[in-house]
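Beneath this line is the structure, given in structure tokens, with notes to follow.
Put into structure tokens, the structure is as follows:
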């Protein structure tokens, strides 16, 4: 079983590390090409391209400039401990045991605009480059054209190494668009999280993102490998709704708190 999640815009390079183990990202040659492209942008161009403040644009121009092709614990941090958005609040990787990190390294992948695919212990230098950004590059008009089949091929390698052909898609639409489902050698399962609001169940972005992290942790902690095991997910009040679920879309609901 391979879990897919999105990265986060918020990064943490200060907190104490939960592990000193690390691996190197597998697609750095491609990342380097994107860095060369991004270095041609001025801070005002970055601001317009990403829709961010001048201050953030300056920070990211500096990050692109400072990025080095050799990753060490001094200039980088394990991806799963560097990302700090809502998904990662639910995941709480900083409390993983060594055995949890082992399982996650085999079964969890983070999709990334700059790095393509990251394993949890892959070192990562700080960056901001969302997958949906229209960064022109030698391969096309945006990052989807840049990555092409590369991300899908890398996921297929991981699936083959595991031997079980199941992908649990907990990534956002923006990021999963970088994967070619028809070329993925796996059964695809998408959990959906609905929260009750004023008597109706709907996707509430903040809660849904956190729930994706909670589900990822649930799979890792319990060493799940089969799709039917996912329906037992019951963290923070969620329950499986068989009636509205299908074989490839598992619906989890939670009553208003």
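Residue numbers (my numbering): 537 to 793. Backbone N, C-alpha and C fix where the C-beta goes; we use that ideal spot for every residue, glycine too.
For residue i, which option in the options has the closest C-alpha, if you only look at C-alpha atoms?
i           : options               : result
residue 689 : 717, 592 and 669      : 717
residue 635 : 774, 755 and 776      : 755
residue 672 : 780, 569, 557 and 550 : 569
residue 612 : 660, 582 and 737      : 660
residue 605 : 587, 710, 566 and 632 : 566
residue 741 : 781, 706, 767 and 759 : 706
residue 735 : 793, 776, 744 and 710 : 793
residue 683 : 587, 744 and 651      : 651
residue 587 : 670, 737 and 771      : 670
residue 627 : 679, 743 and 597      : 743
residue 737 : 681, 679 and 777      : 777
Taking the beta carbon of residue i as the centre, do at least 16 other beta carbons fall within 10 Å, making it buried, or is it exposed?
i           : result
residue 750 : buried
residue 553 : exposed
residue 601 : exposed
residue 643 : buried
residue 731 : buried
residue 783 : exposed
residue 666 : buried
residue 645 : buried
residue 649 : buried
residue 768 : exposed
residue 614 : buried
residue 551 : exposed
residue 697 : exposed
residue 758 : exposed
residue 712 : buried
residue 775 : exposed
residue 589 : exposed
residue 549 : exposed
I believe residue i touches residue j by the beta-carbon criterion, under 8 Å. Please report the beta-carbon distance rounded to the nearest angstrom.
i           : j           : result
residue 623 : residue 541 : 6 Å
residue 694 : residue 563 : Contact doesn't hold; Cβ gap of about 13 Å is too wide.
residue 637 : residue 555 : 6 Å
residue 609 : residue 663 : Residue 609 to residue 663, Cβ: 17 Å. No contact.
residue 585 : residue 577 : 7 Å
With a Cβ-Cβ cutoff of 7 Å, do residue i and residue j count as a contact?
i           : j           : result
residue 685 : residue 561 : no
residue 763 : residue 725 : yes
residue 621 : residue 546 : yes
residue 629 : residue 647 : no
residue 722 : residue 701 : yes
residue 594 : residue 574 : no
residue 786 : residue 766 : yes
residue 544 : residue 632 : no
residue 687 : residue 704 : no
With a threshold of 7 Å on Cβ separation, who are the neighbours of residue i within its own chain once the five nearest residues in sequence on each side are excluded?
i           : result
residue 571 : 600 and 603
residue 625 : 746 and 749
residue 708 : 542
residue 780 : 787
residue 720 : 688, 691, 692 and 703
Please work out which residues of its chain come closer than 8 Å, Cβ to Cβ, to residue i, disregarding the five sequence neighbours upstream and downstream, and give them in chain order.
i           : result
residue 739 : 728, 729, 730 and 731
residue 597 : 577, 578, 579 and 582
residue 680 : 667, 713 and 714
Beta-carbon within less than 6 Å of residue i's beta-carbon, same chain only, minus the 5 sequence neighbours each way: which residues are those?
i           : result
residue 773 : 790
residue 656 : 616, 640, 641 and 644
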